[in-house]
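Reading through the structure tokens given below for one structure.
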Amino acid sequence: MIKKLFILLILQVTVFSGFSQSNNATLRGVVRDQDGQPLDMVNIGLKDYPLGTSSNREGKFLLRIPAEREIVVVFSSLGYATFIDTINAKAEENIVREIVLPATDLKLAEVVVTEQRRNSSNVTRIDPRFMEVMPDAATGGVEALIKTLPGVSTNNELSSQYTVRGGNFDENMVYVNDIEIYRPFLIRAGQQEGLSFINSDMVSTIDFSAGGFDARYGDKMSSVLDIKYRRPSVFRGSASMSLLGATAHFEDVALKGRLAHISGIRYKTNSYMLGGLDEKGEYDPKFIDFQTYITYRFSENFDLSFLGNMAQNQYRFVPQTRQTTFGTWQTPLNTTIYFEGQEIDDFKTYLGALSANYHPNLDLNLKFILSAFNTSEKETYDILGQYYLNQLERNMSSEEFGDSVLNLGVGTFLNHARNYLDANVYSFSHKGAYNSDNHLLNWGIKFQHERFEDKINEWIYRDSTGYSIPYSDKEVLLYFTLNTGSQISSNRITGHFQDTWSVPVSSGDLYFTGGIRFNYWDFNDEFLVSPRISISYFPEWENKISFSLSGGMYHQSPFFKELKNRDGSINYDTKAQRSYQIVAGSDYVFTAWDRPFRFTTEAYYKYMNRLIPYQVENVQIRYLGEHEAVGYATGLDMKVNGEFVSGVQSWVSLSLMKTEEDIKGDGHGYIPRPTDQWMNFSLFFQDYLPGNPSWKMQLSGFYGARLPTGPPNSERYQDVFRMPPYRRIDLGFSKVIISPSNPMQNSFFRHINDMWVSLEVFNLLNINNTISYFWVSSIQGDQFAVPNYLTDRKFNLKLTMKF
């Protein structure tokens, strides 16, 4: 698979790069501050073109630019004045510039002031502009970018969920403007999910950590995704339309700049994507949401903001038939199922958060947040299926090749569910930051009240060759039943204190970050303390390299799903899961082909105890709260990013990992965790036509090793069967139609600043990826795992406009 992927990549580079380079020129130079000191990480971009680079630690830069036309080059860096240069170069001309960026006074607008010093934590900042070009089949936006990073794994393009370094979906934190985000709880399959909470059109910054993060982040064991929405300064808007839905957003300021708002609406339907699944029928998924972020500045030192979201996700499915061919060359099999019934799901979520931000001076910031979250969920279905399991003719010389030659089983199943859940989460929190010459203090405290009420009624009836399973000669037994209801009301108090300080050294920069978190939950009367520390060293060596080391204790208190036993009852004795982590990393900046590249690597080890074992089917996690386990995860993450093609960023990620757990008292020792995936490979690659950057190409590729799984309702130690590896390539082509340098004079289009059309090819190699299994029984009582495949190759046409 990887060989095919690289062959395709080489062919693509050859085709695009084979065009004449004579329409390009070279821009090089150095960027300094007003004192003559070189500035690194200065953004250097071409206005109206998808090209750009950044300066290295010596302030030097190199960029290939279009020739024979007027080009506007923008030099920008946080804390420095923006410089704009206009260039009209000749073909293959070598242009040298020395740029001076004077420092500017900035107000301290956010709680965390990491921009005023080097990044001294295990947090990676991602350019949100990549979201506009990333080809993604279903979820779109930020998560599509996150899935290409080292340490992150995904095997389901229909879901925004991902796993990080051996953790599960529930171990990942997501913040938007310092507000923790929750997803619906009853969703069990990616096709039901729709879009994630994060609206890509509103995003300003993206920070992500795959582990070893600081105490200022919350109480989860695996990762943190920290999103900030944009505070607009001028009127802007955008709209997009495709076969998968439509989006629109607008932003503006009023009242002499005191009032700023940005709002977005999204509509999504996956009917087109789901039409390629083996299970044929009437798919009618609809997702619509509206978000707004409003800020009113009372003075230079005080502002009030509101973040609001309303979302409805409706999923209706009327199955008809299903035919799946599976097995091996020695034993090719086929199952055919005829359905009756339907599934109707409805998920409504609401979020409102009011934030007061007060910064009396440049060094102190105080923030207070009041938030409320509500979800109302309904999952109902009655689906009757009659299946036939057949063995196929494998003799290629036979006229019956591929036809059924032996019937192995006939059966019936009836799946029923009436599941309802209502949840409310209210919180009040305070966060503060104080910045001095050598120290950056962060602190916070949060009170949270949560209430859950659910009613679960599920059962499965199975009949094989006229006998119900499990068989009884006295009564008809159900294959699976779950009938329960519960109400949970509890309160939490969490807080943290953290200090980042610089230590004078003879050569380079050295930073220490030490912090501590505390957590009290009245449901189980548990008080937790989590110390964390990180060290970052930036030596002044000729080779541009930095080192980091972080570690600490990470507690994850049960939220809702972790409290439920497999029979639906509440486990009142559940304690917080605990992870001891150590992460060592390095960051090396080098030059190849006269262009900057960055090689990042991290090695980690996590020892975990008080784990709650679980089983995964599609995106549904069923916890086994009656058990407790210890486990570990260890691995190595690597990433190379840079300008593989001059002026545009691309990257390649490779992760190696092993994770196991030992369930206490079961006598089976260490077994693979459900996320045990020894290798993950991903890439994101961009290219353009030389001399005509309005034609662009984007490619994303994934390879994930085999994940463990097992029969339904089995014991955890039986989950040792491995699914096939996940392999997928998505390809996108785009053409800029309107840009500020190429406006359209037509009265209808004169207000449009940018417009481009994209052709996206999802699952380019048309690989049948497996997400889960449907188990059927033969006449002899043998069980067969029938794979549930994901989407096939699809094409999508997308039009995007900005005004």
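Residues 252 to 1054 in the working numbering are what the sequence shown lists, from first letter to last. By construction, the Cβ of each residue, glycine as well, lies at the ideal position given by its N, Cα and C atoms.
Residue i vs residue j beta-carbon contact at 8 Å
| i | j | result |
| --- | --- | --- |
| T587 | Q642 | no |
| D888 | A395 | no |
| S715 | K697 | no |
| S901 | F936 | yes |
| D421 | S808 | no |
| M453 | G508 | no |
| L1010 | L494 | no |
| S556 | N616 | no |
| Q565 | K537 | yes |
| L665 | V1027 | no |
| S785 | M804 | no |
| R567 | Q593 | yes |
| Y480 | Y544 | yes |
| M524 | K1045 | yes |
| N1014 | T1051 | no |
Bounding residues of the beta strand (DSSP E) (the contiguous stretch that carries residue i)
| i | result |
| --- | --- |
| A342 | Taken as a continuous stretch (DSSP letters only), A342 belongs to no beta strand (DSSP E), as it is neither H nor E. |
| Y831 | Q828 to A843 |
| I821 | No beta strand (DSSP E) contains I821, which DSSP labels as neither H nor E. |
| G578 | F553 to G578 |
| T546 | E530 to R548 |
| I988 | Y977 to I989 |
| A505 | G496 to A505 |
| H1002 | From DSSP, H1002 is part of no beta strand (DSSP E); its letter is neither H nor E. |
| G683 | S655 to N686 |
Option in the options with minimal Cα separation from residue i
| i | options | result |
| --- | --- | --- |
| I914 | G882, E422 and V903 | G882 |
| L605 | D429, H747 and G920 | D429 |
| F436 | Y858, I922 and L814 | L814 |
| E349 | G526, Q288 and N406 | Q288 |
| L313 | N275, T399, Y639 and E319 | N275 |
| R439 | S648, K629, Y468 and G417 | K629 |
| F448 | D458, N419, I478 and F326 | I478 |
| F326 | V281, R315 and R320 | V281 |
| F811 | F598, V1037 and T825 | T825 |
| R487 | Y1040, H1002, D1043 and W1007 | H1002 |
| G765 | S474, Q637 and F748 | F748 |
Contacts around residue i, its chain only, beta-carbon distance under 8 Å, and the 5 residues preceding and following it disregarded
| i | result |
| --- | --- |
| D614 | L359, Y685, N686 and S687 |
| F652 | E644, R645 and N646 |
| V1057 | With the chain covering 252 to 1054 only, the question about residue 1057 has no answer from this structure. |
Own chain residues within Cβ distance below 6 Å of residue i, not counting five before or after
| i | result |
| --- | --- |
| E591 | L635 |
| V903 | V891 and L934 |
| A511 | R482, P483, V504 and T546 |
| G603 | G559 and A623 |
| F841 | F848 |
| N407 | G441 and I1022 |
| I432 | V425 and F448 |
| R376 | D458 |
Enclosing alpha helix (DSSP H) for residue i [first to last residue]
| i | result |
| --- | --- |
| V393 | V393 to I397 |
| M382 | M382 -> no alpha helix (DSSP H), and no H or E assigned at all. |
Coarse secondary structure for residue i, derived from DSSP in three states
| i | result |
| --- | --- |
| Y968 | helix |
| Q928 | coil |
| Y523 | helix |
| M948 | strand |
| K812 | helix |
| S410 | coil |
| F420 | helix |
| Q288 | coil |
| D597 | strand |
| M1052 | strand |
| M453 | helix |
| G1099 | Here the chain comprises residues numbered 252 to 1054, so residue 1099 is not present and cannot be evaluated. |
| Q442 | helix |
| T265 | Annotation note: pLDDT 41 at T265 (below 50); position unreliable, no value reported. |
| Q749 | strand |
| S474 | strand |
| W694 | strand |
| G898 | coil |
| E879 | coil |
Sequence-distant residues of its chain with Cβ nearer than 7 Å to residue i (five each side left out)
| i | result |
| --- | --- |
| D291 | S306, N307, R308 and G310 |
Chain D contact for residue i (CB, 8 Å cutoff)
| i | result |
| --- | --- |
| L635 | The structure shown contains no chain D, having only a single protein chain. |
Any non-hydrogen atom of the ligand GDP within 7 Å of residue i CB
| i | result |
| --- | --- |
| P1038 | In terms of ligand content, the structure shown is empty, and the ligand GDP therefore cannot be addressed. |
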